[in-house]
Amino acid sequence: MSHGMPGEHPEWLWRDPDPKSSYDAVVIGGGGHGLATAYYLAKNHGMTNIAILEKGWLAGGNMARNTTIIRSNYLWDESAAIYEHALKLWEELPEELDYDFLFSQRGVLNLAHSLGDVRDSVRRVEANRLNGVDAEWLTAEEVAKVCPIINISEDVRYPVLGATFQPRAGIAKHDHVAWAFARACDAMGVDIIQNCEVTGFVKDGNRVTGVETTRGRILSDTVGMVAAGHSSVLAEKAGFRLPVQSHPLQALVSELYEPVHPTVVMSNYVHVYVSQAHKGELVMGAGIDQYNGYGQRGSFHVIEHQMAAALELFPIFGRAHLLRTWGGIVDVCPDASPIIGATPVDGLYVNAGWGTGGFKATPAAGWAMAHTMATGESHELNKPFGLERFTTGHLIDEHGAAGVAH
């Protein structure tokens, strides 16, 4: 039986083992980044006696709740390097994992609505080109050729003055990405243990020696925390604090429609981003809710603002019906860049702080985190993203390129 067909029931793709008493490495968090970390620990570093511990069901957190945008057009060299590495891995993964997870390189438009927007966007295009990232600046008329349903009239609150365009960017089916990684991990001997919440850490002095879980103590002297919105909660249990705040982030989908939207459109200024999924639903995201919290829901006014922006940009959506809304928990660092590396506890590593940009980084985050856990040293890709930057001041401020959707 082929397991690579979309729509198959995922439980056929991996075992459901009981946890062993010890492992060579433990990854906390069974989302995209946790699965990718385990996959590259096994594939790149030959470590197969490892466990992924997921407190709920596999990929039930942000991996199931994001809006699936994949791009690498970030401003700073450090960000462009890790996101471009991710995009190159994305381009190979459907064949490598032997799973069609509907990776579609349909391009991403980032709209500019003010002269400040235009200046920043053109600067980012030139920075991208210097880093070998495909990027173009389009006029409003050229934007309309890429996406004919955008309203480029000047007679609106925020007229479209142009856009950056990354042709290699696109979307993928998030659940299928998780199942593809899970199947590959399981085939290499990785234990995927669901309904197994980490409740504490076992330490010998300042060295981690294992974790306490709702399914018993599991020993390991190499532990990776890959828990997104709950990273700061886990860090507190381990005895240190992370410079991370957790916020709700909302998204929504419409009912199913015929294909009308050929690309991905993001607008930081009016706070909306939208694509059309393979089945036909319009997938929309907005800005984060401003308050801190761990509830997977947000405030209605954010959705209202988002819909107003969407209708201004896409008048054709005025007849569309909203099907459902939901929320996830995003962990945001002060500089809108992630943390990947060692922690103050020996043998304990962290991958967190991706804000609203985690999905697109999935393979590269796993690649770098696996290298760091296996060798004890940061990979070139994640050296700039260590915790120590908040002491030295070497921040990587990606608020501009990150914006609404990171």
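In the numbering used here, the protein residues as written are 278 to 683. The beta carbon of each residue, even a glycine, is placed where N, CA and C say it ideally should be. From a predicted model like this one, the values you see are computed outputs, not experimental measurements.
N- and C-terminal bounds of the beta strand (DSSP E) containing D481: For the purposes of this step, residue 481 is identified with residue 204 of the sequence shown, where counting begins at 1. 475 to 481 is the span of the beta strand (DSSP E), which, as asked, contains D481.
Alpha carbon of I470 to alpha carbon of R518, nearest angstrom: Within the sequence shown, residue 470 is the residue found at index 193, counting from 1. Within the sequence shown, residue 518 is the residue found at index 241, counting from 1. One C-alpha to the other measures close to 27 Å.
Residues bridged to D432 [DSSP beta-bridge criterion]: Here residue 432 refers to the residue found at position 155 of the sequence shown. Bridge partners of D432: none, in fact.
Closest by C-alpha distance to P425, when choosing among D432, V437, S381, V433: Along the sequence shown, one-based indexing puts residue 425 at 148. Nearest option by C-alpha distance: V437.
Collapsed DSSP secondary structure at V437 in the structure displayed: In the sequence shown, the residue the question calls residue 437 occupies position 160. DSSP, reduced to helix, strand and coil, places V437 outside both helices and strands of the structure shown, so it counts as coil.
Terminal residues of the alpha helix (DSSP H) in which H524 lies: Position 247 of the sequence shown, counting from 1, holds the residue named residue 524. Element bounds for H524: not the alpha helix (DSSP H) but the beta strand (DSSP E), 522 to 533.
M465, DSSP secondary structure in three states: Here residue 465 refers to the residue found at position 188 of the sequence shown. Coil at M465, not helix or strand.
Sequence-distant residues of the same chain with beta carbon closer than 7 Å to R445, five excluded per side: Here residue 445 refers to the residue found at position 168 when the sequence shown is read from its first residue. Same-chain partners within the cutoff: L364, Q382, D411.
Continuous alpha helix (DSSP H) stretch holding S356: start and end: As a first step, residue 356 is located in the sequence shown; it is residue number 79 there, counting from the start. Start and end: 354 to 373.
Backbone secondary structure at M278 - three-state DSSP: For the purposes of this step, residue 278 is taken as the residue at position 1 of the sequence shown. The predicted model places M278 with a pLDDT of 36, which falls under 50 and marks its position as unreliable; any figure quoted below should be read in that light. Looking at M278 - three-state DSSP - the assignment turns out to be coil, as it is neither helix nor strand.
Three-way DSSP call (helix, strand, coil) for T668 in this model: Within the sequence shown, the letter at position 391 stands for residue 668. Helix.
Same chain, Cβ closer than 7 Å to T669, neighbours up to 5 away in sequence not counted: Locating residue 669 in the sequence shown gives position 392, counting from the first residue. Contacts found: none.
Stretch-stretch touch, CB-based, cutoff 8 Å, three pairs: the segment 403 to 410 with the segment 348 to 365: yes
Own chain partners of E558 with C-beta closer than 8 Å, once the 5 adjacent residues on each side are dropped: Stepping through the sequence shown from its first residue, residue 558 is reached at position 281. Around E558: V530, S531, E532, L533, Y534, L600.
Rounded C-alpha distance that separates S544 from Q573: As a position in the sequence shown, residue 544 is number 267, starting the count at 1. As a position in the sequence shown, residue 573 is number 296, starting the count at 1. Going from the Cα of S544 to the Cα of Q573 covers about 24 Å.
Top-ranked residue by Cα proximity to S391, from V475, V385, V399: Residue mapping note: residue 391 aligns to position 114 of the sequence shown, counting from 1. Of V475, V385, V399, the residue nearest in Cα terms is V399.
For W456 and R348, the rounded distance between their alpha carbons: Mapped onto the sequence shown, residue 348 falls at position 71. Mapped onto the sequence shown, residue 456 falls at position 179. When rounded, the distance between both Cα atoms is 21 Å.
Residues that DSSP places opposite N387 in a beta bridge: Residue mapping note: residue 387 aligns to position 110 of the sequence shown, counting from 1. DSSP lists T441, M543 as partners of N387.
T639, enclosing alpha helix (DSSP H) - first and last residue: One-based indexing of the sequence shown puts residue 639 at position 362. Unbroken alpha helix (DSSP H) run through T639: 639 to 652.
Close Cβ partners of H683 (< 6 Å) along its chain, the five nearest in sequence each way excluded: Working through the sequence shown from its first residue, we reach residue 683 at position 406. Reliability of the predicted coordinates at H683 is poor, the pLDDT of 41 falling under 50, and the value obtained from them is presented with this limitation in mind. For H683, where only same-chain residues beyond five positions count, the Cβ hits under 6 Å are G632, T633, G634.
Cα-Cα separation between D377 and Q553, rounded to whole angstroms: Along the sequence shown, read from residue 1 onward, the residue named residue 377 stands at position 100. Along the sequence shown, read from residue 1 onward, the residue named residue 553 stands at position 276. Each residue's alpha carbon lies about 18 Å from the other.
G595 in three-state terms, based on DSSP: Residue 595 sits at position 318 when you count from the first residue of the sequence shown. If DSSP states are grouped into helix, strand and coil, G595 belongs with the helices.
Close beta carbons around V395, own chain, < 7 Å, minus the five adjacent residues each side: In the sequence shown, residue 395 corresponds to position 118, counting from 1. So the qualifying residues of the chain are A389, L438, G439.
N659 to K556 span [Cα, whole Å]: Locating residue 659 in the sequence shown gives position 382, counting from the first residue. Locating residue 556 in the sequence shown gives position 279, counting from the first residue. Straight-line Cα distance between these residues: approximately 36 Å.
Closest Cα partner of G643 within the set D375, L318, N483: Position 366 of the sequence shown, counted from the first residue, corresponds to residue 643. That would be L318, whose Cα lies nearest to the Cα of G643.
Extent of the continuous alpha helix (DSSP H) run through V537: Locating residue 537 in the sequence shown gives position 260, where the first residue counts as 1. Counting along the chain, V537 falls outside any alpha helix (DSSP H), and DSSP gives it neither H nor E.
Beta-bridge partners of A328, as assigned by DSSP: Position 51 of the sequence shown, counted from the start, is the residue given in the question as residue 328. Paired residue(s): V303, D468.
Residues near L672 in its chain [Cβ-Cβ closer than 8 Å; skip 5 each side]: For the purposes of this step, residue 672 is identified with residue 395 of the sequence shown, where counting begins at 1. Only P611, D612, S614, R666 meet the Cβ criterion.
Collapsed DSSP secondary structure at G635 in the structure displayed: Here residue 635 refers to the residue found at position 358 when the sequence shown is read from its first residue. In the structure shown, G635 sits in coil (DSSP, three-state: anything other than H, G, I, E or B).
8 Å Cβ cutoff, V399 in contact with chain B: Among the chains in the structure shown there is no chain B, since it carries only a single protein chain.
Rounded straight-line distance, which links the Cα of T486 to that of D498: Within the sequence shown, residue 498 is the residue found at index 221, counting from 1. Within the sequence shown, residue 486 is the residue found at index 209, counting from 1. Each residue's alpha carbon lies about 4 Å from the other.
DSSP-derived helix/strand/coil call for A512: Here the question's residue 512 lines up with position 235 in the sequence shown. Three-state DSSP puts A512 in a helix.
Per-residue DSSP class, three states only, for G487: Working through the sequence shown from its first residue, we reach residue 487 at position 210. Three-state DSSP puts G487 in a strand.
Range covered by the alpha helix (DSSP H) that runs through I673: Position 396 of the sequence shown holds residue 673. No alpha helix (DSSP H) holds I673; DSSP gives it neither H nor E.
Cβ distance (whole Å) where P525 is taken to contact I565 below 8 Å: Position 248 of the sequence shown, counted from the first residue, corresponds to residue 525. Position 288 of the sequence shown, counted from the first residue, corresponds to residue 565. That belief holds up - the Cβ atoms of P525 and I565 are roughly 7 Å apart, short of 8 Å.
CA-to-CA distance, V467 to D295, given in whole angstroms: Stepping through the sequence shown from its first residue, residue 295 is reached at position 18. Stepping through the sequence shown from its first residue, residue 467 is reached at position 190. One Cα belongs to D295, the other to V467, and the distance between them is close to 12 Å.
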